[in-house]
Amino acid sequence: MKINASKTLIAIAIGSTPMLASALTLEDYLVANSAYDEANLEGNFTAIEPAGDADNDRLGYNYSLIADYEKTFSTLPRSWSYGIVLDANGNKSTNKTSTETSTIVDVDGNPVLDAAGAEQLQTVTIDNPSNSDWGVKASGVIDTYFHQSAYPKAFWFGKGQFESRDAQPEDSVSATVGLGYGRVYDATPLAKVIRIVEELNAEGLLTGPIPDSIALEAAEIIQRESEFESKFGADEYRPDFYAAIEAALARSGSLRDGKVGALGAITMDDVLVDEPISVRKHGWVIRAGAGFQASDLSGIADNDPKLLFEWEYAKPYGYKGQFINSFTYEPVFGDNTIQVITNEMSYTHEVSDTIDWTNSWRMSFSDSETTETTIHNLNTRYSFDVGSSLDYFIGLNLTQSDTDPNEVGSIGDDPEIRLTSGFNYRLK
2 MKINASKTLI
12 AIAIGSTPML
22 ASALTLEDYL
32 VANSAYDEAN
42 LEGNFTAIEP
52 AGDADNDRLG
62 YNYSLIADYE
72 KTFSTLPRSW
82 SYGIVLDANG
92 NKSTNKTSTE
102 TSTIVDVDGN
112 PVLDAAGAEQ
122 LQTVTIDNPS
132 NSDWGVKASG
142 VIDTYFHQSA
152 YPKAFWFGKG
162 QFESRDAQPE
172 DSVSATVGLG
182 YGRVYDATPL
192 AKVIRIVEEL
202 NAEGLLTGPI
212 PDSIALEAAE
222 IIQRESEFES
232 KFGADEYRPD
242 FYAAIEAALA
252 RSGSLRDGKV
262 GALGAITMDD
272 VLVDEPISVR
282 KHGWVIRAGA
292 GFQASDLSGI
302 ADNDPKLLFE
312 WEYAKPYGYK
322 GQFINSFTYE
332 PVFGDNTIQV
342 ITNEMSYTHE
352 VSDTIDWTNS
362 WRMSFSDSET
372 TETTIHNLNT
382 RYSFDVGSSL
392 DYFIGLNLTQ
402 SDTDPNEVGS
412 IGDDPEIRLT
422 SGFNYRLK
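Everything in the sequence shown is counted per this note's numbering, starting at 2 for the first residue and increasing by one.
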């Protein structure tokens, strides 16, 4: 059973029953104990207009398959997370060859003129070959807090990363240790409670508001889902899990007949299983450390020392929006010093119970003794929940790259335009 989103909005608009007793926000959820894991399988097809090809002579397409898994576990003294991503992709041009016209130059780089004084031109045929690539990336980080000290948000950390790509000459292997400060809290459980209360209200199962303390208590129960699963088994835990949530809500005195009943149980199942909410989190954390880069994809680094400066900031906007920004600066010191700066910014808005709209911008800057490259990537994407654990998405992507010196084959100043569509299946 799917809950009608328009019915929910109408019920709220007419103010039949207030959902919560006061203006509870996601940033009120400050529980350090949390566990979250997610696994996805994504396939997409992308139409590409390469940079500088407004005439579409080299219009092409890309197809890819991505599998990823991420696990985050947090307690008061320690927080750790790890993830792995497997991907395979291919590129193909709709035309096997294309032509480019350029001015003929002499050995000094000056244009060659004809008898009339005009620049002589030449037409060159360019092959547009198909190619494919695949890779794997794994990373992990652990933060150990000095929670019994005068600075409970201070911590030391360890971080490692491995990446391998078939098209690159070397693997990337690195490890870093250092100090940090701050904490990011996972408020997704409270967002789920707010959605449940909203739907129960729309179904007429509430007779009054839910106090903030009860909503926070129910959120902590949802946070302990893995505990229920471990105790009662993956196939049997839901009745006890839902009963615990129901008991917490019943203590508010606002449940009709003192229980959610069959309709309320189906409502909770829709929210917790069939309509998963994208991650909601808040807070900030900074890290500074030192380590080594055993190797990198380009083959330049070779057991070289490195530094790491990292900052993450997350803020929900109302119950529907989520902003996340992460900044990283990593200089690697070796025979050829490498500096890499990345900044990733995203905003996700929950348009309805089944539609998310995500906008993101990623900037990366790399500098070595031979090449300096800046890449900007803008992306907008709509995701539609079309069934249990299955989403369909469509999006538009712009990528602009600038390489200095401007090497042959570089993208240059013009953006590459991509129109992408595909599916995402939530394995977990």
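Glycine residues also receive a C-beta, built at the ideal position from the N, C-alpha and C atoms.
What you are looking at is a predicted structure, and each value in this text was computed from that prediction instead of being measured.
Query, Result
"Residue from 322, 270 and 183 whose Cα sits closest to the Cα of residue 201", "270"
"Best match in 338, 279 and 284 for proximity to residue 303 [C-alpha to C-alpha]", "338"
"Per DSSP, cross-strand counterpart(s) of residue 40", "70"
"As assigned by DSSP and simplified to three states, the class of residue 211", "strand"
"Buried or exposed by the 16-neighbour rule on C-beta atoms within 10 Å, applied to residue 180", "exposed"
"Unbroken alpha helix (DSSP H) run spanning residue 243, endpoints", "239-251"
"For residue 75, the nearest candidate out of 377, 186, 163 and 223 (CA to CA)", "186"
"CB of residue 445 within 9 Å of CB of residue 295, strictly", "No information on residue 445 is available, as it lies outside the stretch 2 to 429 that the chain covers here."
"Residue nearest to residue 91 in terms of C-alpha spacing, selected from 210, 315, 119 and 61", "61"
"Minimum length 3: unbroken beta strand (DSSP E) runs contained in the region 111-182", "122-128, 132-146 and 155-166"
"For residue 419, the three-state DSSP class (helix, strand or coil)", "strand"
"Any 3 or more C-beta pairs closer than 8 Å across the region 392-403 and the region 414-425", "yes"
"Endpoints, beta strand (DSSP E) assigned at residue 373", "373-388"
"Reduced DSSP category for residue 342 - H, G, I as helix; E, B as strand; rest coil", "strand"
"Short Cβ contact (9 Å threshold) for residue 381 with residue 359", "yes"
"Assigned secondary structure, residue 234 (DSSP; H/G/I helix, E/B strand, else coil)", "coil"
"Simplified DSSP state of residue 34, which is helix, strand or coil", "coil"
"Between the CA atoms of residue 242 and residue 33 - distance to the nearest angstrom", "21 Å"
"DSSP beta-bridge partners of residue 217", "For residue 217, which the question treats as bridged, DSSP gives no partner whatsoever."
"Residue of 377, 183, 350 and 175 minimising C-alpha distance to residue 153", "183"
"Residue 318 - partner residues in DSSP beta bridges", "322"
"DSSP three-state assignment for residue 311, whether helix, strand or coil", "strand"
"The beta strand (DSSP E) enclosing residue 400, as first and last residue numbers", "391-405"
"First through last residue of the beta strand (DSSP E) which encompasses residue 284", "282-296"
"CB-CB length for residue 190 against residue 162, believed under 8 Å", "Contact flag wrong, Cβ pair sits at about 29 Å."
"Buried versus exposed call for residue 273 [16 or more other C-beta atoms within 10 Å across all chains shown]", "buried"
"Beta-carbon contacts of residue 433 that lie in its chain and below 6 Å, excluding the five residues immediately before and after", "Since the first residue of the chain shown is 2 and the last is 429, residue 433 is not available in this structure."
"Residue 142 versus residue 159: straight-line alpha-carbon distance, rounded", "6 Å"
"Inter-residue Cα distance where the pair is residue 285 and residue 384", "27 Å"
"Selection from 364, 353, 342 and 405 that minimises the alpha carbon distance to residue 373", "405"
"Chain-order list of residues whose beta-carbon lies under 6 Å from that of residue 137 (same chain, five-residue window excluded)", "87 and 165"
"Whole-angstrom C-beta distance between residue 71 and residue 38, which should lie under 8 Å", "7 Å"
"Span separating the alpha-carbon of residue 376 from that of residue 401", "6 Å"
"Backbone CA spacing between residue 442 and residue 340 [nearest angstrom]", "Residue 442 lies beyond the range of the chain shown here (2 to 429); nothing can be said about it."
"Cβ neighbour criterion (16 or more within 10 Å) applied to residue 105", "exposed"
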